[in-house]
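Everything on this sheet refers to the single structure shown next.
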Amino acid sequence: MTTFSDKIHNPDKGQKPHLKNNPEITALPASSPIEDITNIIRRDGGIIIKNFITPEEADPRYQKLNSSQ
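Quick note: the sequence shown uses full-length UniProt numbering, first residue 1, plus one each step.
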C-alpha cells in the first residue's frame, strides 16, 4: 500500500504528477484494527474509513439535515 508518507518521502517512486500537490488519503475498511487506524491518523493527520456506517443508518441523518434547510 502506498501512503501519503511514502509519496512525500519517496517522490521518485512512480508518483503521478497530479499527486505532487494533492496527495491521496489512506482509506481502510471499518473492520481494520484500531491500532492501524490510529497510527495512520497520527502519521497523516486523517483517514477515510470505508463502510463506517450502513446506508440504512445514514439515511435518517441525511433526511434530518435536508429538512432543516
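For each residue, glycine too, the CB sits at the ideal point set by N, CA and C. A quick note: this is a predicted structure, and the numbers were derived from the prediction, not measured.
Residue Phe52 holds the alpha-carbon nearest to the alpha-carbon of alanine 30 among Arg43, Arg42, Phe52.
For isoleucine 48, the enclosing beta strand (DSSP E) stretches over residues 48-50. Take the alpha-carbon of glycine 46 and the one of proline 55: they are about 22 Å apart.
Annotation: proline 33 is outside any beta strand (DSSP E) and is labelled neither H nor E by DSSP. Annotation for proline 60: the continuous alpha helix (DSSP H) segment containing it runs 55-67. The alpha carbon of serine 32 has as its nearest neighbour, out of Ile41, Ser67, Ile49, the alpha carbon of Ile49. Around the CB of isoleucine 34, fewer than 16 other CB atoms lie within 10 Å, so the residue is classed as exposed.
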